Each structure stands twice: as structure tokens, then as C-alpha cells.
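28 is the number that the numbering used here gives to position 28 of the sequence shown; each next residue is one higher, with no gaps. We treat Cβ as the ideally placed atom computed from N, Cα and C, and that holds for glycine. Being a predicted model, the structure only gives us computed values, none of them experimental. Notes follow once the structure below has been shown.
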Amino acid sequence: YMNDLCFAFNQIKPSDRAKQSELLKKIFRKMGKECAVNAPFWVDYGYNTTVGDYFFANRYCQILDGAPVRFGNHVFIAPNCVFTTAEHALMPDQRNMGLEIALPITVGNNVWFGTGVKVLGGVTIGDNCVIGAGSVVTKDCESDSVYAGNPAKKIMTIEEYYNKRKSAQFEEAKTLALKYYDTFGEKPSKDVFKEYFMLFTSVEDIKNSDVFMRQMETSGNSSKAFKYVENNPYMFEGFDAFLNACFEKE
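Written as C-alpha cells, this is what we have:
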């Protein structure tokens, strides 16, 4: 039955999100608001899988849900990821008898899985985690952390990762500004830098910008993000100073 539902889902036009959503509500035990899945997608039972608000799974996601699989809000899954609760016997004679068990998988809020991640049964992944591409997750992952590798290991906290990247952010933003100028013959507007607005924008300015507010809200953690901005001064006193630095000759 579930194979047929997944097959039917995979035949729906990618542009027909409404029809996809209608069928996903039949596939999953429970589904939050504004969820999206890109075909092809496969799940064994469906009634063991629940997804929160703003769930997104890209192509070739597979869920082997012999045991409960629970995803929180704002979970993003890159292509070719597998979540498998199935565990087979190690001894050949037991395995040949068909003995197997299934262990649950629990994923918190605001978790991003890079492409090709495999999550095994019995694993709990905390809130605000990033799981690097190609990782095989065999043990629990602490909240607010970056994991990668086979088996996946903690690389650093999200805070440490952000601080490490902060020094590189301006160089990325500068490259974007120069490329924009080369392409369009004019300096970019503030909205072009929606990925880098924390370099030059105060909390008050963010709240006055629809573009930046949407960027904050997509995290599902805007209150924490605002608190971080308040406690971490931006690099430049306003957008003009930031843009001037981007075009400053070395």
C-alpha cells in the first residue's frame, strides 16, 4: 500500500505542490504546515513517520520507518539522504531466519542534513545541528553542534563554527559586491546582501527591512538570533561603510 502511495507521489508534476501536499498528508502519520518533498521519495510504512512545520526533503530521500521516525520543525534534508531504523542480526543463521529489530530515530528543530547523510536507528539528533555531507550518524548528536564523518563525530559547536566563519564572511560579501558590479555595472543594493546583513545591520534596521526579517524568521529561532545580534556588534557602522570597504582598493 505505501509503495503504491509513494509511487503515485513520485508521478505528480513537481510544480503541483498542492497535490503533493495532499498525498503527503496520507503518507505521513502527522505533517506540519508548509512542508515540501521533492520526488523521488520513498518511505516504508509512513504511519511511523511524523514531520514538523517547514519540513523539506530534497530528491532521493528514503525513510525506513519500521520504528518511529520523528522530525522537528525547520528540518532541511539535502538529496540522497537515508534514515533507517532497521537492524538485522549479526549471526548469519539468525539473519537468515529473518530476525530483525527496528530502533527509533528522533530529529530536533532547525536541523540541516547535507547531501548523502545516513542516519541509523536508535539515534537522537538535538536542536540546531548541522550534519555534514556524506556523514553516517551512528550515535546521538548534541544540540547546537556541527557533526561530520563516518562515523559522524562532533566537529565544533554552532557558535564556534559561526565565529570561525565570521572572519571569512566579509571576503565572501566583498566578492559578491564586485561580481555584481562587473555584471550589472552598478553597486548592489542592501537587499542583495541578505546572507551577510549581520555584518552591517543593527536589530532596529533588521526589523525595518522585510527582506532581512524574512531571513531571520526562516531560522525558526528569530528571538535567539536577535539576541545574538544584540550581543555581537556588527563589523561596519551601517551599509555605506560596509559597501565602501567592499570597493576599497587594497
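| Asked | Found |
| --- | --- |
| CB-CB length for R253 against N3, believed under 8 Å | A question about residue 253 goes unanswered here, because the residues of the chain that appear run from 1 up to 250. |
| Distance between beta carbons of V111 and I125, contact taken as under 8 Å | 6 Å |
| For G238 and F197, believed in contact at Cβ under 8 Å, the rounded distance | Incorrect: roughly 12 Å between the Cβ atoms, too far for contact. |
| Sub-7 Å separation of A44 and D65 beta-carbons | According to the sequence provided, residue 44 is Asp. The question's Ala does not apply to it. It is a contact, given that the beta carbons lie within the stated cut-off. |
| F247 (DSSP reduced to helix, strand or coil) | coil |
| Beta-carbon proximity of F71 to V107, cut-off 7 Å | yes |
| Cβ distance (whole Å) where K33 is taken to contact D53 below 8 Å | 5 Å |
| Selected residue, minimal CA-CA separation from A177, among G134, N244 and K154 | N244 |
| C-alpha distance - T115 paired with L99, whole-angstrom precision | 31 Å |
| Residue nearest to E171 in terms of C-alpha spacing, selected from I105, K153, V82 and F193 | F193 |
| Nonlocal neighbours in the same chain, by C-beta distance under 7 Å from E142, ignoring five residues either side | G126 and K154 |
| C-alpha gap between M91 and E22, whole angstroms | 43 Å |
| Spatially closest choice to S167 from Y234, I131 and A133, by CA coordinates | Y234 |
| Candidates M31, A39 and V82, of which the one nearest G134 by Cα | V82 |
| Test item: CB-CB of I131 and F113 under 7 Å | yes |
| Bridge partner(s) assigned by DSSP for Q62 | W42 and V82 |
| Buried or exposed (CB count within 10 angstroms, at least 16 for buried), K139 | exposed |
| K179, enclosing alpha helix (DSSP H) - first and last residue | I158 to F184 |
| Beta-carbon contacts of V117 that lie in its chain and below 6 Å, excluding the five residues immediately before and after | C81, I131 and S135 |
| Residues near C61 in its chain [Cβ-Cβ closer than 6 Å; skip 5 each side] | F41, I77 and C81 |
| Element boundaries [alpha helix (DSSP H), containing E100] | Note, E100: premise wrong, no alpha helix (DSSP H); beta strand (DSSP E) at E100 to A102. |
| Beta carbon of N128 nearer than 7 Å to that of I105 | no |
| For A39 and P79, believed in contact at Cβ under 8 Å, the rounded distance | P79 to A39, Cβ: 11 Å. No contact. |
| Three-way DSSP call (helix, strand, coil) for K190 in this model | helix |
| Exposure of M97, with buried meaning 16 or more beta-carbon neighbours within 10 Å | exposed |
| Residues of its chain near F236, where Cβ-Cβ distance is below 8 Å and the 5 sequence neighbours each way are ignored | L199, F200, F242 and A245 |
| Reduced DSSP secondary structure (H/G/I, E/B, other) of F200 | coil |
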